[in-house]
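A.B. asks: Following this message is one structure expressed as structure tokens.
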Amino acid sequence: MASFNHAALLETLTVQARGLPLSLSHAQLDALVTYLGLLSKWNAVYNLTAIRDPEQMLIQHILDSLAALPALSEAKQVLDVGSGGGLPGMVLAIWAREARPEMRITMVDTVSKKTAFLTQAKVELGLTNVSVVTGRVEEMTKVGFFDCITSRAFAELVDFVNWSGHLLAPNGVFLAMKGVFPDKEIARLPAEWTVFNVLPMTVPGMIAERHMVTIQRTKE
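Written out as structure tokens, the structure reads:
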């Protein structure tokens, strides 16, 4: 495994983040690299992500999540479904602590070792805007509570909306991070849900296609 060099990764992130439609302070950038360090350290034992190289983790996890933030920036109550190692939820929380102090982020995952990591990262990063839930999203009881529900590499769109639709506020939105344009997944969505937008996301340093899918309740 490549060694973790905080200063070098901070410099890389600072440069790469200039390619995003997002303004990040030095404190935010430093906290993101600190989080990446925790993810890398825990990953050696807990297998939180298949990516082991910190520089690749920076691109494929941190910058990829940062590219999604403009779509999430106006939300007040965010649910990150299948959060895993905290992507994009933990990245969003680090940004929001300074940029949107009123925002609250809840991260849910069924795997206890992943939520144990999220809880530890929350403590070490001093994130008071984060809640961590261990369990199945379909069993959560905060009905109609979240104005934004997001996921990254979680499940097919139809499962995403079916399992967590009861948690979405009446005028809320689903924001699903996907790779190539998910036309077949969109076609399988039930009639009660409408795809409002599919926007390509540009991730600095990444060649692969990325898209943000916005889903809302179908208007009668």
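Heads up: take any position in the sequence shown, counting from 1, add 8, and you land on the numbering used here.
Idealized CB from N, CA, C, for every residue including glycine.
#1: Would the beta-carbon of Phe182 fall within 8 Å of that of Leu176?
#2: Suppose the cutoff is 7 Å on Cβ atoms and the five residues either side in sequence are ignored; what does the same chain contact list for Gly94 look like?
#3: So if DSSP puts Trp201 in a beta bridge, which residue, or which two residues, is it bridged to?
#4: Can you say whether Met9 is buried or exposed, counting buried as having 16 or more other CB atoms within 10 angstroms of its CB?
#5: Taking contact to mean 3 or more Cβ pairs, one atom from each stretch, closer than 8 Å, check whether the region 83-100 and the region 147-163 are in contact.
#6: On the DSSP letters alone, give me the boundaries of the alpha helix (DSSP H) that Pro178 sits inside.
#7: To the nearest angstrom, how far is the alpha carbon of Ala300 from that of Pro178?
#8: Excluding five sequence neighbours on each side, which residues of the same chain lie with their C-beta closer than 6 Å to the C-beta of Pro208?
#9: Would you report the Cα separation of Ile70 and Arg196, rounded to the nearest angstrom?
#10: Strictly by DSSP, which residues pair up with Leu95?
#11: Any idea which residues DSSP pairs Asp88 with across the strands?
#12: Helix, strand or coil: which one does DSSP assign to Thr142?
#13: Go through its chain and collect everything with a Cβ distance to Thr22's Cβ below 6 Å, but skip five positions before and after it.
#14: Nearest to Lys186 by alpha carbon, out of Thr222, Val141, Phe204, Leu66?
#15: Less than 8 Å between the beta carbons of Pro78 and Pro29, yes or no?
#16: Between the beta-carbon of Val203 and the beta-carbon of Ile194, is there less than 8 Å?
#17: Could you name the residues of the same chain whose beta carbon sits closer than 6 Å to that of Val145, not counting the 5 residues immediately before and after it, in chain order?
#18: Taking only the alpha-carbon atoms, compute the straight-line gap between Glu164 and Ala107 and give it to the nearest angstrom.
#19: What are the complete alpha helix (DSSP H) segments, minimum 4 residues, inside the region 41-74?
#20: How would you label Phe3, buried or exposed, when you count the other beta carbons within 10 angstroms and need 16 or more for buried?
C.D. replies: In short:
#1: Cβ distance < 8 Å, so Phe182 and Leu176 count as in contact.
#2: Within the same chain, Met115, Leu126, Ala129 come within 7 Å of Gly94 by CB-CB distance, once the 5 residues on both sides are set aside.
#3: Trp201 pairs with Arg225.
#4: Low confidence applies here, because Met9 scores a pLDDT of 49, under 50, leaving its location unreliable; read the following figure in that light. So Met9 ends up on the exposed side.
#5: Counting Cβ pairs under 8 Å, three or more are found: they touch.
#6: That residue, Pro178, is in no alpha helix (DSSP H); its beta strand (DSSP E) goes 176-186.
#7: With the chain represented from 9 up to 228, any question about residue 300 goes unanswered, as that position is not in the structure.
#8: Closer than 6 Å at the Cβ level, and outside the excluded window around Pro208, lie His219.
#9: Spanning the alpha carbons of Ile70 and Arg196 requires a straight line of approximately 30 Å.
#10: Paired residue(s): none; Leu95 is not in a bridge.
#11: Note: Asp88 is bridge-paired with Met115, Thr158 in the DSSP secondary-structure output.
#12: Per DSSP, reduced to three states, the secondary structure at Thr142 is strand.
#13: Excluding sequence positions up to five before and after Thr22, its CB lies within less than 6 Å of the CB of Leu37, all in the same chain and listed in chain order.
#14: Comparing Cα-Cα distances from Lys186 to each of Thr222, Val141, Phe204, Leu66, the minimum goes to Thr222.
#15: Yes, Cβ-Cβ distance for Pro78 and Pro29 is below 8 Å.
#16: Here Val203 is near Ile194, since their CB atoms are less than 8 Å apart.
#17: Excluding residues within five positions, the ones whose Cβ falls inside 6 Å are Val89, Val116, Trp171, Ser172.
#18: Their Cα atoms are separated by approximately 31 Å.
#19: If we require 4 residues or more, the alpha helix (DSSP H) runs fully inside the region 41-74 come out as 62-65.
#20: Residue 3 is absent from the model: the chain starts at 9 and stops at 228.
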